[in-house]
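Per the UniProt record's numbering: the sequence shown = residues 1 to 156.
We put the beta carbon where it would ideally sit given N, CA and C, even for glycine.
Here the structure is a predicted model, which means the values were calculated and not measured.
Comments concern the structure below.
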Amino acid sequence: MNRLHINPSHELNFVIVSHGLTSRVFLMKWFKWSVEQFEGLNNPGNSEIRVMELGQGGDYSLAIHHTEEELATWGLSPEMIADQKWRANAHKGEWKEDCKWYFGDFFDHMADSDKECETEATEEREEEEEEEGKRVNLLTSSEYSNEPELYNGQCC
1 MNRLHINPSH ELNFVIVSHG LTSRVFLMKW FKWSVEQFEG LNNPGNSEIR VMELGQGGDY
61 SLAIHHTEEE LATWGLSPEM IADQKWRANA HKGEWKEDCK WYFGDFFDHM ADSDKECETE
121 ATEEREEEEE EEGKRVNLLT SSEYSNEPEL YNGQCC
């Protein structure tokens, strides 16, 4: 994460001062928690701090600075606590295989290449054309037919 284009050997600290909802949303987005996991979180108390610290493997974790009991009090489930402990030591290459909250589980249905996108678009067009051929127009005009006109399935 070098969004600020700084020398990685320099330490960098951020302090985010926020109310409970915003801090919970931030944590949810950062750690890719589900809505159900987010809803289980408790707002921090007045002047309560939550520290995300950079772990040995290059990812941030709440479990480096805080105890399991604190994390449980905040509403983290046992799985979320285990994930935080894992993040404290995990290396970036292990993330996708070991953590169910990473992109692979959410975006498996997405195309991997332009060729795949083109193939999917062609298949969708063919399906639409096939569906168009199967459609039957239930509304007829009395000018072109001897049968009465139909409106919403009712004859007038």
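Tell me which residues share the same chain as residue i and place their Cβ nearer than 8 Å to its Cβ, disregarding the 5 neighbours each side in the sequence.
{"i": "leucine 21", "result": "Asn43"}
{"i": "phenylalanine 26", "result": "Ile16 and Ser18"}
Should residue i be labelled buried (16 or more other beta-carbon atoms within 10 Å of its own) or exposed?
{"i": "phenylalanine 31", "result": "buried"}
{"i": "alanine 90", "result": "buried"}
{"i": "arginine 24", "result": "buried"}
Please list, in chain order, all residues of the same chain as residue i whose beta carbon is under 6 Å from its beta carbon, the five residues on each side excluded.
{"i": "histidine 65", "result": "Val51 and Glu53"}
{"i": "alanine 88", "result": "Gly55, Ser61, Ala63 and Ile64"}
{"i": "aspartate 105", "result": "Any reading at aspartate 105 must be qualified, since the residue scores a pLDDT of 49, below 50, and its modelled position is unreliable; no value is offered."}
{"i": "glutamate 68", "result": "Ile81"}
{"i": "glutamate 118", "result": "none"}
{"i": "residue 159", "result": "With the chain covering only 1 through 156, there is no way to say anything about residue 159."}
On the DSSP letters alone, give me the boundaries of the alpha helix (DSSP H) that residue i sits inside.
{"i": "threonine 73", "result": "68–73"}
{"i": "asparagine 43", "result": "Per DSSP, asparagine 43 belongs to no alpha helix (DSSP H) and is neither H nor E."}
{"i": "methionine 81", "result": "Before going on, a small fix: residue 81 reads as isoleucine here, not methionine. Note, isoleucine 81: alpha helix (DSSP H), 78–89."}
{"i": "serine 23", "result": "20–31"}
Straight-line CA distance for residue i to residue j?
{"i": "glycine 75", "j": "isoleucine 81", "result": "10 Å"}
{"i": "phenylalanine 14", "j": "asparagine 7", "result": "16 Å"}
{"i": "residue 166", "j": "histidine 5", "result": "Residue 166 lies beyond the stretch modelled for the chain, which goes from 1 to 156, so this question has no answer here."}
{"i": "aspartate 59", "j": "serine 77", "result": "20 Å"}
{"i": "glutamate 126", "j": "lysine 85", "result": "49 Å"}
{"i": "glycine 40", "j": "serine 47", "result": "21 Å"}
{"i": "glutamate 131", "j": "glutamate 123", "result": "12 Å"}
Who are the near neighbours of residue i in its chain, counting only those whose CB is closer than 7 Å to its CB and skipping five residues on each side?
{"i": "alanine 72", "result": "Ile81"}
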